[in-house]
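Report on the structure given below.
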Amino acid sequence: EAQVTQNPRYLITVTGKKLTVTCSQNMNHEYMSWYRQDPGLGLRQIYYSMNVEVTDKGDVPEGYKVSRKEKRNFPLILESPSPNQTSLYFCASSFVGNGNQPQHFGDGTRLSIL
Amino acid sequence: GESVGLHLPTLSVQEGDNSIINCAYSNSASDYFIWYKQESGKGPQFIIDIRSNMDKRQGQRVTVLLNKTVKHLSLQIAATQPGDSAVYFCAERNNAGGTSYGKLTFGQGTILTVHP
């Protein structure tokens, strides 16, 4: 089954403790992206990657890192999490193609930073 | 339409009615638009998309209309069913200059409730 898989689905942790949220897709998509979803603010893009070893900032990259060493994986790293990073996070992927390709989303990771 | 603050617009319809969900997008240079459906506890699910060189596109039970003059996008759902109850988001992509291929900007969503 074609899918975007995020782990963990839920995490409660404390300020300053480094964490990684993994994202994997099995559709051979070149493009991958991370979003956070907050009430009243909708979905905002954190980082995206056009292909292996190519990453770029979205609208809210501060406090996050990403890497794209393999095509299928795009982990989101919070080096020193803070309470304002408590949110619902989504990973998405798509083909690049002619540029008009819908992104397919995972089911989300709910992070709580205490 | 788009929401202000923490309260999303809501639309309540009876099963079998047609639904129209509206979205005002922000950037006249946006060239690609997508509608997503998000059910509770799940990620956004692709419904239908449209490029800026079109003004209408139809899918199965859904139609998207694009009015670039007033920067307005709408999603029409025919014969709405209880399973259509969800939050619906529009998203726009502004790729002016070819430097923002993947940069989608999402609206805040509309809650659709379908009553049996």
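Chains as they are written, first to last, in this note's numbering: chain X, 63 to 176; chain G, 733 to 848.
Every residue gets a Cβ at the ideal spot worked out from N, C-alpha and C, and that includes glycine.
Margin query: Does the beta-carbon of X/E124, which I'm using as the reference point, lie nearer than 7 Å to any heavy atom of the ligand GDP?
Written below: As for the ligand GDP, it is missing from this structure, which has no ligand bound.
Margin query: Output needed in chain order: residues of the region 779-798 of chain G with a Cβ under 7 Å from some Cβ in chain X.
Written below: D781, R783
Note to self: Please tell me whether G/A766 has its Cβ less than 8 Å away from any Cβ of chain X.
What the structure shows: Position 34 of the second sequence, counting from 1, holds the residue named residue 766 of chain G. The question names Ala, yet the displayed sequence has Ile at residue 766 of chain G. Taking Cβ atoms only, chain X reaches closer than 8 Å to G/I766, which makes this a yes.
Next item on the list: Could you tell me which residues DSSP pairs with G/A818 in its beta bridges?
Entry: The residue given as residue 818 of chain G occupies position 86 in the second sequence. In the DSSP output, where bridge partners are listed per residue, G/A818 has G/L844.
Check: Do we get a CB-CB distance below 8 Å when we pair X/L73 with the residues of chain G?
Finding: If you number the first sequence from 1, residue 73 of chain X lands on position 11. Chain G, which has no Cβ nearer than 8 Å to the Cβ of X/L73, makes this no.
Check: Residues in its own chain within less than 6 Å of G/T812 by CB, not counting five upstream and five downstream?
Finding: Counting from 1 along the second sequence, the entry for residue 812 of chain G is found at position 80. So the list reads V745, D749, S751, V846, once near-sequence residues are dropped.
Check: For G/C755, which residues from the same chain have a beta carbon less than 6 Å from its beta carbon, with the 5 sequence-adjacent residues on both sides left out?
Finding: Translated into positions along the second sequence, residue 755 of chain G becomes position 23. Closer than 6 Å at Cβ, skipping near neighbours: L805, C822, G839.
Check: Assuming X/R134 and X/D121 make a contact with CB atoms under 8 Å, what is their CB distance in whole Å?
Finding: Residue 134 of chain X sits at position 72 when you count from the first residue of the first sequence. Residue 121 of chain X sits at position 59 when you count from the first residue of the first sequence. X/R134 to X/D121, Cβ: 25 Å. No contact.
Checklist line | Where X/Q147 sits in the DSSP three-state scheme | finding: Position 85 of the first sequence holds residue 147 of chain X. Correct three-state label for X/Q147: helix.
Notebook entry, point to check: Out of G/T837, G/P848, G/L844, which has the shortest C-alpha to C-alpha gap to X/Q99?
Noted result: Counting from 1 along the first sequence, the entry for residue 99 of chain X is found at position 37. Scanning G/T837, G/P848, G/L844 for the CA closest to the CA of X/Q99 turns up G/T837.
Item checked: DSSP-derived helix/strand/coil call for X/H91 -> On the first sequence, residue 91 of chain X is found 29 positions in, with the first residue counted as 1. Residue state, collapsed to three classes: coil.
Item checked: Bounding residues of the beta strand (DSSP E) (the contiguous stretch that carries X/S174) -> For the purposes of this step, residue 174 of chain X is taken as the residue at position 112 of the first sequence. It spans 171-175 - the beta strand (DSSP E) in which X/S174 sits, taken as one unbroken run.
Next item on the list: Could you run through the region 158-172 of chain X and flag, in chain order, every residue whose CB is less than 8 Å away from some CB of chain G?
Entry: V158, G161, N162, P164, Q165, H166, F167, G168, D169, G170
Notebook entry, point to check: Can you tell me whether DSSP reads G/A756 as helix, strand or coil?
Noted result: What you label residue 756 of chain G is simply residue 24 of the second sequence in a count that begins at 1. Reduced to three states, the DSSP call for G/A756 is strand.
Notebook entry, point to check: At which residues does the beta strand (DSSP E) containing X/Q68 begin and terminate?
Noted result: Position 6 of the first sequence holds residue 68 of chain X. It spans 66-69 - the beta strand (DSSP E) in which X/Q68 sits, taken as one unbroken run.
Next item on the list: Entirely within the region 72-136 of chain X and at least 3 residues each: give me those beta strand (DSSP E) ranges in chain order.
Entry: Listed in chain order, the beta strand (DSSP E) elements of length 3 or more contained wholly in the region 72-136 of chain X are 72-75, 81-87, 93-100, 104-113, 116-119.
Notebook entry, point to check: Three-state secondary structure (DSSP) at G/R793?
Noted result: Along the second sequence, read from residue 1 onward, the residue named residue 793 of chain G stands at position 61. Correct three-state label for G/R793: coil.
Checklist line | Cβ-based burial, X/G102 [other Cβ within 10 Å; buried from 16] | finding: Indexing the first sequence from 1 puts residue 102 of chain X at position 40. Exposed is the call here.
Notebook entry, point to check: Can you name the start and end residues of the beta strand (DSSP E) that G/Q808 belongs to?
Noted result: The residue you call residue 808 of chain G lines up with position 76 of the second sequence. Looking at the DSSP string, the run of the beta strand (DSSP E) that includes G/Q808 is 804-809.
Notebook entry, point to check: Does the beta carbon of G/P776 come closer than 8 Å to any beta carbon on chain B?
Noted result: Of the protein chains in this structure, namely X and G, none is chain B.
Margin query: Do X/Q147 and X/L176 have their beta-carbon atoms positioned less than 8 Å apart in this structure?
Written below: Walking along the first sequence from the start, residue 176 of chain X turns up at place 114. Walking along the first sequence from the start, residue 147 of chain X turns up at place 85. Against a cut-off of 8 Å, the Cβ pair of X/Q147 and X/L176 comes out as no contact.
Check: Based on Cα-Cα distance, which residue from X/Q165, X/A154, X/D169 lies nearest to X/W96?
Finding: In the first sequence, the residue the question calls residue 96 of chain X occupies position 34. Looking from the CA of X/W96, the closest CA among X/Q165, X/A154, X/D169 belongs to X/A154.
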